[in-house]
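Structure first, then comments.
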Amino acid sequence: RKVQETFEVRKKDDLTGLSMVRINETAGPMPPPLDDPNSDSTQLCVSIQPEPVKKYFPQIVKEAVLQYTSALKAFFSQLLDRQSRKTADVYGYMFLCDFVNFFVILFGFSAFGTQEGDGGVLSYFEENRVPVTFLLMLIIQFFLIVVDRALYLRKNIVGKILFQFFLIIGLHVWMFFVLPATTERSFNATTPPILYYMIKCFYLLFSAYQIRCGYPARILGNFLTKGFTMANFSGFKLFMTVPFLFELRTLMDWIWTDTSMTLFDWLKMEDIFTNVYQLKCMRQLEEDLPAPRGQKKGIMVKYLMGGGMMLGIIFLIWFPLALFAFSNAVGEPNIPYDVSVTLRIGPYEPVYMMSAQE
Numbered sequence: 001r002k003v004q005e006t007f008e009v010r011k012k013d014d015l016t017g018l019s020m021v022r023i024n025e026t027a028g029p030m031p032p033p034l035d036d037p038n039s040d041s042t043q044l045c046v047s048i049q050p051e052p053v054k055k056y057f058p059q060i061v062k063e064a065v066l067q068y069t070s071a072l073k074a075f076f077s078q079l080l081d082r083q084s085r086k087t088a089d090v091y092g093y094m095f096l097c098d099f100v101n102f103f104v105i106l107f108g109f110s111a112f113g114t115q116e117g118d119g120g121v122l123s124y125f126e127e128n129r130v131p132v133t134f135l136l137m138l139i140i141q142f143f144l145i146v147v148d149r150a151l152y153l154r155k156n157i158v159g160k161i162l163f164q165f166f167l168i169i170g171l172h173v174w175m176f177f178v179l180p181a182t183t184e185r186s187f188n189a190t191t192p193p194i195l196y197y198m199i200k201c202f203y204l205l206f207s208a209y210q211i212r213c214g215y216p217a218r219i220l221g222n223f224l225t226k227g228f229t230m231a232n233f234s235g236f237k238l239f240m241t242v243p244f245l246f247e248l249r250t251l252m253d254w255i256w257t258d259t260s261m262t263l264f265d266w267l268k269m270e271d272i273f274t275n276v277y278q279l280k281c282m283r284q285l286e287e288d289l290p291a292p293r294g295q296k297k298g299i300m301v302k303y304l305m306g307g308g309m310m311l312g313i314i315f316l317i318w319f320p321l322a323l324f325a326f327s328n329a330v331g332e333p334n335i336p337y338d339v340s341v342t343l344r345i346g347p348y349e350p351v352y353m354m355s356a357q358e
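Numbering follows full-length UniProt numbering, with no gaps: position 235 of the sequence shown is 235.
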């Protein structure tokens, strides 16, 4: 039946402090009087006491925060659950992006600095000066590579998520606010910042995919050693050629990997693995390009391969001496154009001063 949405409140009693409130449940436009004994309305005794709003404000804020952050909490809970995901390993691609960006900063620093078109890093070395900003950018890029490697070895998803948000915010603040303010030119005025940002976006994409899939249980091993082809062998030899890169990787693996081996045992194990991998690549090459056994190598192979390597070593030995010996023929002397001579005795004024120009 239809319920009337009107209430009738009797005046508060002076003795008990209670009021009579009638809730009408009968149909009709006009409810019967409150004192009518035949009325179908419900009568309640209500005590009305005002409460301050600030008493319940913290609870209201808490409930509102829980309500609006429940979806975010469920998202991160699912993201941290390793049971519901198929793991993947894309660290090699992330390292490649950071490695390329290192050289973008190295050879394109003039686009990130205040002086435009000053000759790049070669001019800095020729003038025997290294800008502090240039050194700071290279150190930060190297530090980011080390942190990413540490998170990868420890399989720390929470740290990886925080590192991802830090990179996203820091990259966009630097590229779109700090860089235009310091260089006084727009972000897309030169090519190196655009190239750096594009490669960093690929890195963030691979990093987000790594967070989504999770780290695998077994993550040791160089991504270049997953196969035994000539491409893998050439890439591994290039990796070993870079100064201190193999040593840094080995030390980081030992620091952030749970193991009972000592540092020197770990280094010995890595050295054994390096030699065994190169031998397996050679055996694979022999299977792909078979040659008759017990047959001596031809003269052409010896002179082209062995002779070329011997000439290269001889060139490296004698080229520095030849360069200094024929320096007058290949270089220009740096003749002084201003000379000043000052003669003084103790803290007194100079007794003789001379200056000569070209």
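Note that beta-carbon positions come from the ideal geometry of N, C-alpha and C, so glycine has one too.
Asked                                                                                                        : Found
Cβ separation of P193 and M175, assumed to be a contact under 8 Å, to the nearest whole Å                    : 7 Å
Local conformation of S70 per DSSP, three classes                                                            : helix
Beta-bridge partners of V341, as assigned by DSSP                                                            : M354
Residue of A74, I157, Y197 minimising C-alpha distance to A111                                               : Y197
Backbone secondary structure at G214 - three-state DSSP                                                      : coil
Proximal residues to R212 (C-beta, below 8 Å), its chain only, five neighbours per side dropped              : L79, R85
Inter-stretch contact (C-beta, 8 Å, three-pair minimum) for the segment 87 to 106 and the segment 133 to 150 : yes
Closest by C-alpha distance to C97, when choosing among C201, T241, L151                                     : C201
Supposed close pair T229, F236 - CB separation, criterion 8 Å                                                : 11 Å between Cβ atoms; not a contact.
For Y196, the three-state DSSP class (helix, strand or coil)                                                 : helix
Closest residue to M252 among P243, V242, L263 (Cα-Cα distance)                                              : L263
Residue interval of the alpha helix (DSSP H) (run including A150)                                            : 132 to 154
E247 to G92 span [Cα, whole Å]                                                                               : 17 Å
Simplified DSSP state of R1, which is helix, strand or coil                                                  : With a pLDDT of 45 at R1, under the threshold of 50, the predicted position of this residue should be treated as unreliable, though the coordinate-derived value follows. Note: R1 maps to coil in three-state DSSP.
For S340, the nearest candidate out of Y348, Y352, L179, S70 (CA to CA)                                      : Y352
CA-to-CA distance, V301 to G294, given in whole angstroms                                                    : 16 Å
Candidates T190, V178, G108, Q210, of which the one nearest L151 by Cα                                       : Q210
Contact set for I168: own chain, Cβ-Cβ below 8 Å, skip 5 residues either direction                           : L204
Three-way DSSP call (helix, strand, coil) for P52 in this model                                              : coil
Alpha helix (DSSP H) segment containing G221, residue limits                                                 : It is not in any alpha helix (DSSP H) - G221 carries neither H nor E in the DSSP assignment.
Cβ-based neighbour list, T69, same chain, cut-off 7 Å, excluding 5 preceding and 5 following                 : none
Separation of F95 from N239, as counted between CA atoms                                                     : Sequence check: residue 239 is Phe here, not Asn. Looking at the two C-alpha atoms, the distance is approximately 12 Å.
Cβ of P216 within 7 Å of any chain B Cβ                                                                      : Protein chains in the displayed structure number just one, and chain B is not present.
Helix, strand or coil at R283 according to DSSP, with G and I counted as helix                               : helix
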